[in-house]
Each structure stands twice: as structure tokens, then as C-alpha cells.
Amino acid sequence: GVCTQLLSKDMRDAYAAEIRADYDKTRERHLKNKSETSRIPLAEARANKVKIDWESYTPPAPKTLGVQVLKAYDLAKLAEVIDWTPFFASWELHGKFPKILEDEVVGVEAKKLYADAQAMLKKMIDENWVEARAVFGLFPANTVGDDDIAVYADESRSGTLMTWHNLRQQMKKPTDRANLCLADFVAPKASGKKDYLGAFVVTAGIGEDERAKAFEAAHDDYSAILFKALCDRLAEAFAEHLHLRVRKEYWGYASEEALTNNDLIAEKYQGIRPAPGYPACPEHSEKAGLFEILNATEQIGVKLTENYAMWPGAAVSGFYLSHPDSQYFAVAKIERDQVEDYARRKGWDVKTAERWLAPNLAYQPG
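Those letters in the sequence shown? Residues 105 to 470, per this note's numbering, in order.
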């Protein structure tokens, strides 16, 4: 529909005007929301961090430290744990799977799409259309300062592989709620506790580009789009499946875990896997350090663009945290004092920090 209107001489001007008007309204709402939300200074937010009794808690040590690589991973295993709800949403068919198949409004189209997807998925598995690969590592780690996490080369904790820089919520909270930062869930170095974290990159897109181009060359755009969507779903499934194996086998802190696939989708397990670019750690450049400590490009062929997008597109990367209290959250809008502090910690000037943190700024840069 969008392409039709943009290509039409009679419709494109009116459509462009409509989009401009819509963005004006969006901009007004955004500015209104920023002005009405109450935020606190960074120092006050840090004083209201998550209170964890590190003295009485012993972080679980991984069974195996270091980096491991998995290649030619069984696609059939990944297909078993696909979360289909986002698949339908990517086709503008909204509803929870499998109920969407019986939906009065979109059920007929959803069933047809699902049948096509299942048929193609079977071919992808049987004929090895793509290869799934993963590289992941488990490392000694501790929080340093207030909001950063040092990732160490070994248990001596004398050499730092990377510093994972994080952001903290600055919205004013009720008295019983903390201003969250991911660093809160890793033991501070000053506590003397040896903590750990994991890092991973997975892909189900090795061979994706060539196959998609073949569909496009045959003018079969539907198959190209369907294929790419299935590669994305397999990559997300790989992230879920590998996290399960890390919890139960490689790290082993939840070796007795017995959850259904629906439980996994609902994130009922212990620990989280936050990813740079998502609400809890929204700044994308942190992927650079993650890729470096895993040597991800050389190990599995996944690259970062200059703007830190991953290629192939069917890829997922992030970190693993194990603490039982760790949770997902949104950093949301931050004030100038945190931007300046973040720039200092990253070795950036403030304008560079403002550019990378633009979606999270609670003020208009000068």
C-alpha cells in the first residue's frame, strides 16, 4: 500500500502531506511526554539502585569458562522452539499463536500463511538451505564504579577484556521501587565476590542472502520475504535454545530446570539475556566489545556494520546475567548529567554521546 501511493502521481503528494502531519503530531506528543515526566539527578538515581545483599549471596561459577563455537547446528531442533506470534505480527496479522489461526478476522489468512511457512521450513531443514552457527563465552565479571561491568580475561581478574557501559533509569520512582541499571545485578568488585556473565552471537542466516536473491531474481517476492522471516524466527529460536543450554549445561546454575516452550517464551527462567539496542541497554555501540571478546566475525561469519547492525540480518547477540533478581526494564529518557557521565566513561565527546543516545534524550541537544 505504501509503495502504491508513493509511485502514484495522483496520490503521492497527499500521502506525503499526511505523513508529515502525522509526524508533527507525534513530535508534539513526544515533547509533551518529556516535559510531563519527572526525572531525578543521576547521583540520586544511583543512590536508589537495586539493593542486593551480596554478602549473603554466592554467584554461581560456570562449569566451563571461555569461548565456544557451534556450527552446522540442527535446524530441526531450533524449529521446535520457534515463537510464532512475532512471525504473524511481521505480516501485520496480530494475535497470539495458536489462537490466531482461529481468529474471526485474520484466521483464514493466518492459516494459509502458516501452511506456507511450514512447507518452506521443512524444505529449509531437509535441504540445508541455511546454516545455523553460534559463538558464546562465559567470563569472570564484576561491576566497577556505579553502572559499568568489567569483563575479565581469567579468574585472576587482572586483565579486562571489555567494559560493558550501562545506563540507569532516571525517572522519579515510588519509594519502594529502584532506579534500575543492569550493573546492579552483577557483584561489585568492592564486595570481594567473584561474579560472572556470558556473551553470545547466534545466526541462522549463513546462506540466507544467496537464497533470497535467487527468489527475487525469479520474481518470487513472496517466497523471498517468507524465507527471510523464517530465518529471523530460527535465529531468535537459536538464542532461546542456546540460553537454555547455557543455564542447564555450560553455566549450569539451573541444571534442574524443566520448562515448557511456552514457559520459555514467557521468560519464566532464572536470569536474563539483555541485548545492546534493546530497552535495558539501548546504546548499540556496546556490540563492538561483545563481538571483539567473542571474535564473532572470524568464528561464525557475523559482521557489524558501521552503525552496529548485524549481517546477516538473521542474527541475535547479547549478554547473559544469572542473578535471580535480574530483570528486563526500559531505561527510557535520560538527562544531560547522565549523557555527560556516559560520554566520559566511553571516552567520547558529548555530541557523539548525544548522537548515539538520541532516542533516549530527555532534552533537545544544543
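Heads up, the beta-carbon is just placed ideally off N, CA and C, and yes, glycines get one too.
Range of the contiguous alpha helix (DSSP H) that encloses residue i
{"i": "F289", "result": "Per DSSP, F289 belongs to no alpha helix (DSSP H) and is neither H nor E."}
{"i": "I329", "result": "325-349"}
{"i": "Y446", "result": "440-450"}
{"i": "Q403", "result": "400-404"}
{"i": "D367", "result": "365-369"}
{"i": "R459", "result": "454-460"}
{"i": "L179", "result": "179-183"}
{"i": "R315", "result": "312-321"}
{"i": "Q274", "result": "Premise fails: Q274 is in no alpha helix (DSSP H) and is neither H nor E."}
{"i": "F191", "result": "189-193"}
{"i": "L197", "result": "No alpha helix (DSSP H) holds L197; DSSP gives it neither H nor E."}
{"i": "A151", "result": "146-151"}
{"i": "L111", "result": "106-111"}
Residue environment, residue i, which counts as buried when at least 16 other CB atoms sit within 10 Å
{"i": "K181", "result": "exposed"}
{"i": "T168", "result": "exposed"}
{"i": "K113", "result": "exposed"}
{"i": "S260", "result": "exposed"}
{"i": "Q222", "result": "exposed"}
{"i": "H345", "result": "buried"}
{"i": "P163", "result": "buried"}
{"i": "Y357", "result": "buried"}
{"i": "Y424", "result": "buried"}
{"i": "G105", "result": "exposed"}
{"i": "V305", "result": "buried"}
{"i": "R131", "result": "exposed"}
{"i": "I123", "result": "exposed"}
{"i": "Y177", "result": "buried"}
{"i": "G451", "result": "exposed"}
{"i": "P378", "result": "buried"}
Sheet register partners of residue i (DSSP bridge)
{"i": "S421", "result": "V305"}
{"i": "V171", "result": "G241"}
{"i": "A254", "result": "N246, T267"}
{"i": "L408", "result": "M414"}
{"i": "L465", "result": "I438"}
{"i": "I376", "result": "L425"}
{"i": "D299", "result": "A245"}
{"i": "C385", "result": "Y382"}
{"i": "R143", "result": "M275"}
Extent of the continuous beta strand (DSSP E) to which residue i belongs
{"i": "A221", "result": "Looking at the DSSP string, A221 is not in any beta strand (DSSP E); the run it does join, the alpha helix (DSSP H), is 211-230."}
{"i": "T264", "result": "264-269"}
{"i": "N246", "result": "235-248"}
Through-space distance from residue j to residue i, alpha-carbon basis
{"i": "D288", "j": "I156", "result": "8 Å"}
{"i": "P380", "j": "P386", "result": "6 Å"}
{"i": "D280", "j": "P469", "result": "33 Å"}
{"i": "A282", "j": "R150", "result": "9 Å"}
{"i": "W233", "j": "I144", "result": "52 Å"}
{"i": "R315", "j": "G199", "result": "29 Å"}
{"i": "W268", "j": "I253", "result": "5 Å"}
{"i": "A125", "j": "V406", "result": "40 Å"}
{"i": "V435", "j": "L286", "result": "10 Å"}
{"i": "A415", "j": "Q274", "result": "The residue you asked about is not Ala; residue 415 is Trp in the sequence shown. W415 and Q274: Cα-Cα distance of roughly 33 Å."}
{"i": "P244", "j": "V290", "result": "10 Å"}
{"i": "Y382", "j": "D441", "result": "22 Å"}
{"i": "V248", "j": "L174", "result": "31 Å"}
{"i": "P463", "j": "E208", "result": "37 Å"}
{"i": "L146", "j": "L110", "result": "45 Å"}
{"i": "D128", "j": "D325", "result": "34 Å"}
{"i": "G263", "j": "A321", "result": "51 Å"}
{"i": "A417", "j": "E159", "result": "According to the sequence shown, residue 417 is Gly rather than Ala. Using only the alpha carbons, I get a separation of about 43 Å."}
{"i": "H388", "j": "Y412", "result": "6 Å"}
{"i": "A341", "j": "L265", "result": "28 Å"}
{"i": "K153", "j": "K455", "result": "27 Å"}
{"i": "L368", "j": "C335", "result": "20 Å"}
{"i": "V443", "j": "R449", "result": "10 Å"}
{"i": "A466", "j": "E410", "result": "26 Å"}
Closest by C-alpha distance to residue i, when choosing among the options
{"i": "D299", "options": "L265, V255, L271, I310", "result": "V255"}
{"i": "M224", "options": "S430, E344, L330, A462", "result": "L330"}
{"i": "E148", "options": "R315, K276, R449", "result": "K276"}
{"i": "A303", "options": "K226, E312, V210, A400", "result": "A400"}
{"i": "Q374", "options": "R351, K391, F395", "result": "R351"}
{"i": "Y161", "options": "G422, G296, W188, V420", "result": "G296"}
{"i": "P428", "options": "T247, I376, L205", "result": "I376"}
{"i": "L394", "options": "V171, K153, P166", "result": "V171"}
{"i": "A257", "options": "V212, Y432, D251, G241", "result": "G241"}
{"i": "A370", "options": "V154, Y432, V239", "result": "Y432"}
{"i": "I186", "options": "E353, G451, T364, T456", "result": "T364"}
{"i": "K437", "options": "R449, A165, V454, E458", "result": "E458"}
{"i": "P278", "options": "A419, T307, S142", "result": "S142"}
{"i": "S430", "options": "I397, K372, L408", "result": "K372"}
{"i": "A236", "options": "G309, K216, N366", "result": "G309"}
Residue i Cβ short of 8 Å to the ligand ZN heavy atom set
{"i": "P166", "result": "Ligands displayed in this structure: none; no statement on the ligand ZN is therefore possible."}
Within-9 Å CB hit, residue i to chain B
{"i": "Y373", "result": "No chain B appears in this structure, which consists of one protein chain only."}
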